[in-house]
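Below you'll find the structure, written out as structure tokens, and then a few comments.
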């Protein structure tokens, strides 16, 4: 059983939250996390990268200067692949490159929870009693992060009522926000710290963070 400390916005410990490792996969599973990370990363690729061959580049085909007598290396047209702005030797011409990968649903769910376990084991989860703000104020949010000891990249998991908090966090470098029901292994592993409030974390752990109709799919 993991006893996660709960802090207030001033960085003082006010409570604890007991988390059962069995809910998160019992132990950190590096192979599973690697597979999930590669899948999420691959599925973000658009597959629309294209390049032009020398015949597809705009420009004259005139020889730049005469072959002999200049003391310089031989040169053809400006569209040659040796020159800046010229074509490439083997142009990418596919209409659509597909990089998508897939994982079984149960493996995806377990990887998302196991990534949270990895953060808990490394003491990189900062749980706050309440992340709500009366009005958007970046300086107030920045002060809270400093009080919590957040000094590296940070992912802030927010509930549906935390719009002002999202507006406060969006202008801070190395801080990204995400809805708590959208927490996944890729985002968790891409940031050093996770900042979440007690209610949102409890909702994620018991599955109530998702709508009833789509809860099983989103977990």
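Numbering (the working numbering), first residue to last: 30 to 248. Heads up, the beta-carbon is just placed ideally off N, CA and C, and yes, glycines get one too.
Check	Outcome
Under 9 Å between the Cβ atoms of residue 223 and residue 183?	yes
Any contact between the segment 186 to 200 and the segment 85 to 97? By contact I mean 3 or more CB pairs, one from each, below 8 Å.	no
What number of angstroms, rounded off, separates the C-alpha of residue 104 from the C-alpha of residue 121?	25 Å
Only counting runs of 4 or more residues, tell me where the alpha helix (DSSP H) segments fall wholly within the segment 111 to 168, in order along the chain.	134 to 150
Whole angstroms are fine: how far does the CA of residue 173 sit from the CA of residue 246?	Caution is warranted here: a pLDDT of 45 is assigned to residue 246, below 50, making its placement in the model unreliable, and the coordinate value is therefore given only provisionally. Going from the Cα of residue 246 to the Cα of residue 173 covers about 34 Å.
Could you give the distance in angstroms between the alpha-carbon of residue 62 and the alpha-carbon of residue 30?	21 Å
Judging by CA-CA distance, which residue of 216, 195 and 177 is the nearest neighbour of residue 39?	177
Tell me, please, which residues DSSP counts as bridged to residue 45.	34
Determine, using beta carbons only, whether residue 58 and residue 143 come nearer to each other than 9 Å.	yes
Identify which residue in 34, 107 and 129 has its Cα closest to the Cα of residue 74.	129
In this structure, what does DSSP give as the bridge partners for residue 175?	None, per the DSSP bridge assignment.
Alpha carbon to alpha carbon, what distance is there between residue 138 and residue 242?	Confidence in residue 242 is poor, its pLDDT being 43 and thus under 50, which makes the residue's placement too unreliable to answer from.
Would you list the residues sitting across from residue 205 in a DSSP beta bridge?	184
With DSSP as the reference, label residue 246 as helix, strand or coil.	Note that residue 246 scores a pLDDT of 45, beneath 50, so its modelled location is shaky; the value from the coordinates is reported in the next line. Here residue 246 sits in helix by DSSP.
In terms of residues, what are the limits of the alpha helix (DSSP H) holding residue 234?	227 to 235
What is the rounded straight-line gap between the Cα of residue 95 and the Cα of residue 111?	18 Å
If I measure Cβ to Cβ from residue 153 and keep anything under 7 Å in the same chain, skipping five residues before and after, which residues do I get?	221, 222 and 223
Would residue 213 and residue 69 be called neighbours here (beta carbons separated by less than 9 Å)?	yes
Just to confirm my understanding: we take residue 218, look at its own chain, exclude 5 residues before and 5 after, and list those with CB closer than 8 Å. What are they?	62, 66, 144 and 147
So, is residue 320 buried or exposed, given that buried needs 16 or more other C-beta atoms within 10 angstroms?	The chain is shown only over 30 to 248; residue 320 falls outside these bounds and no answer can be derived.
Please list, in chain order, all residues of the same chain as residue 35 whose beta carbon is under 8 Å from its beta carbon, the five residues on each side excluded.	42, 43, 44, 45, 46, 156, 157, 158 and 227
Is DSSP giving residue 222 helix, strand or coil here?	strand
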